[in-house]
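Heads up: the sequence shown at position 8 corresponds to 17 in my numbering, and the numbers run straight through without jumps. Everything below concerns the one structure shown next.
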Amino acid sequence: GMFPSSPIRPRFAFDLNHLLWASALFLYGAPNISAWSGALTAYLTQKGFDVPSEDALHHPFGTALMYFQQVQQQAAGLAHNIVQEARL
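Set out below in structure tokens:
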């Protein structure tokens, strides 16, 4: 599936697997969204896609990752609450 870069009028959508991978990567190393977006820009350019600049992906990816991690935390909290209520 895909995850939007913002909740209102997203310009981009990112693959959920990439967001999961980036979340795991940033747990074990310094979060470097600039390096990630630069690498993605280079990769997409090599594949023939027209990407205006690294900055075109930097902010949307950072925003998508932030919202994605918030949704993950909320889902984990809801699941925890459901399990706790079921034990009562």
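In this text, a Cβ means the ideal position worked out from N, Cα and C, and glycines have one as well.
- In the DSSP assignment, Ala-39 falls outside any alpha helix (DSSP H) and carries neither an H nor an E.
- The three-state secondary structure of Asp-64, taken from DSSP, is helix.
- With distances taken between CA atoms, Phe-23 lies nearest to Thr-72 out of Gly-38, Pro-61, Thr-72.
- Annotated as proximal: Ser-46 and Leu-66, with beta-carbon spacing under 9 Å.
- If you look at Asp-24, you'll find it in the beta strand (DSSP E) that goes 22 to 24.
- In the structure shown, the three-state DSSP call for Phe-58 is coil.
- Per the C-alpha coordinates, the member of Met-11, Pro-19, Gly-10 positioned closest to His-68 is Pro-19.
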